[in-house]
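Enquirer:
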Amino acid sequence: MEPNIRNIAVLTSGGDAPGMNACIRAVVRTGIYHGRNMFGVMQGYQGLIDNNINEMTARSVSNILHMGGTVLKTARCLAFKEDAGMEIAFKNLQDRHIDGLIVIGGDGTFTGAKRFGEKYGINVIGIPGTIDNDLYGSDFTLGYDTAVNTIIEAIDKIRDTADSHDRLFFIEVMGRDSGCLALRTAIASGAEAVLLPEKETSLKELITKLKSGVTTKKSSSIVIVSEGNKYGGAYDIAKSVKRKFTHYDTKVTILGHLQRGGSPSGFDRILGSRLSYAAVNAIIKGE
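The sequence shown begins at 97 in our numbering and counts up by one.
(1) Which of the three DSSP states, helix, strand or coil, is assigned to D259?
(2) Have a look at G222, M270, L306, S285 and flag the residue whose alpha-carbon is nearest the alpha-carbon of L292.
(3) Assuming N239 and P114 form a contact by the criterion Cβ under 8 Å, report the distance between their Cβ atoms to the nearest whole angstrom.
(4) Going by other Cβ atoms of all chains shown within 10 Å of its Cβ, with 16 needed for buried, is R121 buried or exposed?
(5) Going by the CB atoms, is the gap between L354 and E268 shorter than 9 Å?
(6) Using the Cα positions of C119 and G329, report the straight-line distance between them to the nearest angstrom.
(7) Express the C-alpha separation of S274 and S298 in angstroms, rounding to a whole number.
(8) Could you have a look at M97 and say whether DSSP puts it in helix, strand or coil?
(9) Between L161 and Y216, what straight-line distance do the alpha-carbon atoms span, to the nearest angstrom?
(10) Return yes when the Cβ of K347 is within less than 9 Å of the Cβ of R211, no when it is not.
(11) When DSSP labels each residue in this structure, what does G127 get in the three-state scheme?
(12) Figure out for me which residue from Q142, A105, I218 has the closest Cα to the Cα of M134.
See below:
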C-alpha cells in the first residue's frame, strides 16, 4: 500500500547550479498534476528552521525554466547540522502537515537530507544539483553541462589573447576535490595540460611538457588547474613554473563564480525536468 503523502516541499541548498529552476518548476507541476499540495522553502535548510515556507502553484513557477540560479534562493546552514536546528525544522514541517521533502543540491545537502530523514522518518529524496559532478551514483549532476560550456567559452576567448601575446595562461576552474570540470574542459578546449586532484602530476612533468612545446615553436599554452589540485591554486603553480620558465610571459585567470551562473543548457533543462518528475513520483510511492 502506497503512503498517503499529500503535502510536498522542495528546497535548494548549498552552491547554486544552472538548471535548479527547471527542477523546481518540474517538481511543483508534477506534484500538482498528482493532486498534491506543493510548498517552496526559501534559503535552503535555513528556511526550514526560520519557517520561511510558502505554498506554490503552477503559476509560481511560470517562466523560470530558462533562468540560472534558483528562485527559492540557497544558503549553507550550520544550524541544521545540530539536533536543535533539525528539531525546529521538523516541527515547522509538522505544523504545515508536510510529509514529503525534495532537496536539490550537492553532497552536503544530501548528507543533511539523509540524517534528517533517518532521524524523523520523513520521506526525503535528493536531486543531484552541483556543477562539480561529484555525487556517487549519478552520471551527470544538474548544472555540470552548463558549467562545462561556460568554461569552454571563457577558455576560447583567453586562448585568443594568449596567442596574440605569446603567453602561458593558467586557468583555475571549480570542482573542489573532483577534477571532472577540469578534465572535460581541458579536452574540449585543447589545453596543453591539466592538473587534477585525482592524478598526481609533478611540476617537473608539467615543465617538461611545456618545454616540448617550446622546442616545436609553440608560442602560447593553456594549462587548466582544478581548484583541488595538491600543489595549490593556479597562482601557486604559476609562480613555481615561472621560476623555471623565466622567458615565458605567464598569466593566471581564476574563473570563479562565473562558472555557476548563466541560463542552463538544453541538456540541463531536460535533465532537471526528468529528475524532478522521477523524484515526485518516487516520493509519492514512498520509494
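Note that beta-carbon positions come from the ideal geometry of N, C-alpha and C, so glycine has one too.
Computed from a predicted model, the values in this text were never measured in an experiment.
Expert: Answer, in terms of the structure:
(1) helix
(2) M270
(3) First, the amino acid is wrong: residue 239 is Gly here, not Asn. Rounded, the Cβ-Cβ distance is 5 Å, consistent with contact.
(4) buried
(5) no
(6) 33 Å
(7) 18 Å
(8) Legend: pLDDT at M97 = 48, less than 50; position of this residue unreliable, value from coordinates given subsequently. Three-state DSSP puts M97 in coil, outside helix and strand.
(9) 33 Å
(10) no
(11) helix
(12) A105
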